[in-house]
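A.B. asks: Just so you know, we're using full-length UniProt numbering here: the sequence shown kicks off at 1 and counts up by one.
Starting off with a structure, shown below.
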Amino acid sequence: MVDFERYSRQILYKNIGQQGQAQLLKQHVLIIGMGALGTHLAESLVRTGVGEITIVDRDYIEFSNLQRQTLFTEQDASSYMPKVVAANNHLKAIRSDVVIHQHIAHVDARFLELHATQIDLILDATDNFETRQLINDFAYLNKVPWIYGGVVQSTYVEAPFIPGETPCFNCLVPNIPTINMTCDTVGVIQPAVTMTTSLQMRDALKIILDAELSPKLTYGDLWEGTHHSFGFAKMSRSTCPTCGENPTYPYLHATSRDYATLCGRDTVQYQNNNITQEILESFLIRNHINYQSNPYMIRFKYKEHQIVSFKGGRMLIHGMTNPNEAKTLINQLFG
Ligand SMILES: [Zn+2]
1 MVDFERYSRQ ILYKNIGQQG QAQLLKQHVL IIGMGALGTH LAESLVRTGV
51 GEITIVDRDY IEFSNLQRQT LFTEQDASSY MPKVVAANNH LKAIRSDVVI
101 HQHIAHVDAR FLELHATQID LILDATDNFE TRQLINDFAY LNKVPWIYGG
151 VVQSTYVEAP FIPGETPCFN CLVPNIPTIN MTCDTVGVIQ PAVTMTTSLQ
201 MRDALKIILD AELSPKLTYG DLWEGTHHSF GFAKMSRSTC PTCGENPTYP
251 YLHATSRDYA TLCGRDTVQY QNNNITQEIL ESFLIRNHIN YQSNPYMIRF
301 KYKEHQIVSF KGGRMLIHGM TNPNEAKTLI NQLFG
């Protein structure tokens, strides 16, 4: 039963109406990443009346996030809350009847196969091209629309990708750029974030409501006042490994690595399923290493590196970017 009073101003809008509102309630949207873009998108989807969302992020909240990640508070940052846990709590306070599935996780092919098969729409709120190519492969294989969004400094870029209707992300970006500027390396301002998410939300509404959508890639610089868009319907490549004549979905089949560099974050992620929270905690006590913990993670310092370990054996090793350096450190720690 839709609470029409709650959504009355949106229902009055001619392209939504009561029918559109009822349609929103039936949707299940996956948001990948719960940083600047993810928090804005999640709040918008929840306020707009989408029935069910799945949120996933691999990180915890820091004070430097609060400038643009609008769902979070100082309390969340001082208690090192995982982003999805804090987001879930705040979103439920905004709207108690929304169904939220939360995952503190690194998104790989396995994650998508487990958690994204019943999804109506995927929103990209990541900060790296590898994950976007993975989302793109998964989306085209499973015929789920997804919406790309990127923001850095004062620039924004956005595009909807609809399997069967539009060329894919891989057609437009066949090579992963070697220089990946991120918010962590060159900064970002809040209005550029909301510009990106406004465009993503517009296309999300159009896709959900089955409204006419001519796929365009939109980009601009909010500070400079430039704004452009171009239709990309004719940019498909017959040799595209994702949507071409013989798709191989290369990013879905790439083997996942134990070690991964988190772009621009000065951090290496290490995955070892055997290191449970219990094993790690007794190890730290035995070796007289001080640590802090909450129900989701353990945080400690070893050789000038902050290390955060989540349930399931996933660690973030801060203060390095080279996976080999992380390997050495882990070997020194656990032998
Ligand atoms: Zn393609």
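Here a beta-carbon is modelled for each residue, glycine too, at the ideal position from N, C-alpha and C.
#1: Among Ile162, Ser238, Thr261, which residue has its Cα nearest to the Cα of Leu213?
#2: Could you tell me the boundaries of the beta strand (DSSP E) in which Ser214 lies?
#3: Nearest by alpha-carbon distance to Ser293: which of Thr194, Leu121, Glu130, Glu278 is it?
#4: Indicate whether the contact test is met: 3 or more Cβ pairs, each with one atom in the segment 17–33 and one in the segment 196–212, closer than 8 Å.
#5: I'd like the ranges of any beta strand (DSSP E) spanning at least 3 consecutive residues and lying wholly in the segment 233–263.
#6: With distances taken between CB atoms, is the gap from Gln269 to Asp258 smaller than 7 Å?
#7: Using 8 Å as the cut-off, can you tell me whether the segment 299–311 makes contact with the segment 83–97, which would need three or more C-beta pairs spanning the two stretches below that distance?
#8: Can you list every residue whose CB sits closer than 5 Å to some heavy atom of ligand 3, going in chain order?
#9: For Ile279, which three-state DSSP category applies?
#10: I believe Asp57 touches Met81 by the beta-carbon criterion, under 8 Å. Please report the beta-carbon distance rounded to the nearest angstrom.
#11: To the nearest angstrom, how far is it from the Cα of Ser238 to the Cα of Thr194?
#12: Measure the C-alpha to C-alpha separation of Cys243 and Ser256 and round it to an integer number of angstroms.
#13: Does the distance from the C-beta atom of Asp137 to that of Leu252 stay below 7 Å?
#14: Below 8 Å on the Cβ atoms is my guess for Leu53 versus Ile31; work out the distance and round it to an integer in Å.
#15: Taking 7 Å as the cut-off, decide whether the C-beta atoms of Thr321 and Thr261 are in contact.
#16: Assess contact between the segment 106–117 and the segment 224–234, defined as three or more Cβ pairs (one per stretch) separated by less than 8 Å. Is contact present?
#17: Would you mind working out which of Leu66, Ala93, Tyr140 sits nearest Asn246, comparing C-alpha positions?
#18: With a cut-off of 8 Å, do at least 3 Cβ pairs link the segment 95–103 to the segment 125–136?
#19: Note down the Cα distance separating Ala254 from Thr328, rounded to an integer number of angstroms.
#20: Taking the alpha carbon of Ile198 as the reference point, which residue from Asn170, Thr39, Ala77, Asp59 has its own alpha carbon closest?
#21: Among all the DSSP beta bridges, which residues are the ones paired with Ile147?
#22: The alpha helix (DSSP H) spanning Met195 covers which residue range?
#23: Hey, how far is the Cα of Val84 from the Cα of His288?
#24: Count the other CB atoms, across all protein chains shown, that sit within 10 Å of the CB of Phe63; report buried if there are 16 or more and exposed otherwise.
#25: Gln102 lies in the beta strand (DSSP E); which residues open and close that run?
#26: Quick check on the burial criterion: 16 or more other C-beta atoms within 10 angstroms. Buried or exposed for Asp59?
C.D. replies: Straight from the coordinates:
#1: Ile162
#2: Segment: none, Ser214 is in no beta strand (DSSP E) and carries neither H nor E.
#3: Glu278
#4: yes
#5: 259–262
#6: no
#7: no
#8: What this structure holds is ligand 1, not ligand 3.
#9: helix
#10: That pair is no contact at about 11 Å.
#11: 35 Å
#12: 22 Å
#13: yes
#14: It is worth fixing the name first, because residue 53 is Ile in this sequence and not Leu. Yes, Ile53 and Ile31 are in contact; Cβ-Cβ is about 6 Å, under 8 Å.
#15: yes
#16: no
#17: Tyr140
#18: no
#19: 24 Å
#20: First, the amino acid is wrong: residue 198 is Ser here, not Ile. Cα-wise, what sits closest to Ser198 is Thr39.
#21: Leu123, Pro160
#22: 190–208
#23: 31 Å
#24: exposed
#25: 99–104
#26: buried
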